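See structure below.
In the UniProt record's numbering, the protein residues as written are 1 to 238.
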């Protein structure tokens, strides 16, 4: 899960409520992607002055996760004699830890190897949604500068780019040659100036969510451990 803010240039009256904390006028795009970089759920149009956690908490997505109305699969035992673990979203430190959302431990020189490995594995998984957003804002040139339109039309523009993003990726799966949409050059990645990041969410962690995070941490060090994860974790290479 990730949120970006989309810069907007609309009427003065509309801009009052969408002032970002850095002085930009923007709306937020909150998104969840699958393993193939397609967006599965998005929320478009929250005020730009909110934190990532605030955007999520106030969104229809966040409210539905809180009451479990998405009807997610029940927790599952993923190891013999292991605990049942819930299906979770993967997010960065800007989002709050919860029973349905895992975030990394705050970076610190005091983290033990288990917590560092957890952070590495979460970072590795989170790269997928980071790349999905990277492709979206790089491929669609409308994001390279503030969008000149009223807020209603900006929402429709963002909706269109998300739909086209998914459409192209799903159709490229059928191709046998080079999949150009998924290949982003470093030069492409430097040209998206119409989007920005969002401030962090500060808050306390839920004790049950901490227990779930610890269970996943032990799981990552067990049968599904990657041979190189200890080196990556010790070197903070993530």
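Just so you know, even glycine gets a beta-carbon here, dropped at the ideal spot from N, CA and C.
Given the structure is predicted, the values throughout are model-derived calculations rather than measurements.
| Asked | Found |
| --- | --- |
| What are the start and end residues of the beta strand (DSSP E) that includes residue 249? | The chain is shown from 1 up to 238; residue 249 falls before or after that span and cannot be answered. |
| Hey, is the stretch 216 to 235 in contact with the stretch 78 to 88, meaning 3+ C-beta pairs nearer than 8 Å? | yes |
| Can you tell me whether residue 177 is buried or exposed? The criterion is at least 16 other CB atoms within 10 Å of its CB, across all chains shown. | exposed |
| Please report the distance separating the alpha-carbon of residue 85 from that of residue 140. | 38 Å |
| Compare the Cα-Cα distances from residue 64 to each of 47, 43, 83 and 162 and report the closest residue. | 43 |
| How about residue 53 and residue 104: are their beta carbons less than 8 Å apart? | no |
| Spatial neighbours of residue 61 within its chain, please: CB distance less than 7 Å, with the 5 preceding and 5 following residues excluded, ordered by chain position. | 30, 41 and 43 |
| Just how far apart, CA to CA, sit residue 21 and residue 5? | Only weak support exists for where residue 21 lies, its pLDDT of 45 falling under 50; the value from the coordinates is given anyway. Approximately 11 Å, taken between the alpha carbons. |
| Taking three-plus beta-carbon pairs below 8 Å as touching, is the stretch 224 to 237 in contact with the stretch 115 to 132? | yes |
| Quick one: what does DSSP say residue 89 is sitting in, helix, strand or coil? | strand |
| Only counting the same chain, and skipping five residues up and downstream in sequence, which positions put a Cβ closer than 7 Å to that of residue 158? | 6, 29 and 44 |
| Going by alpha carbons, who is nearest to residue 82 out of 238, 223, 228 and 227? | 223 |
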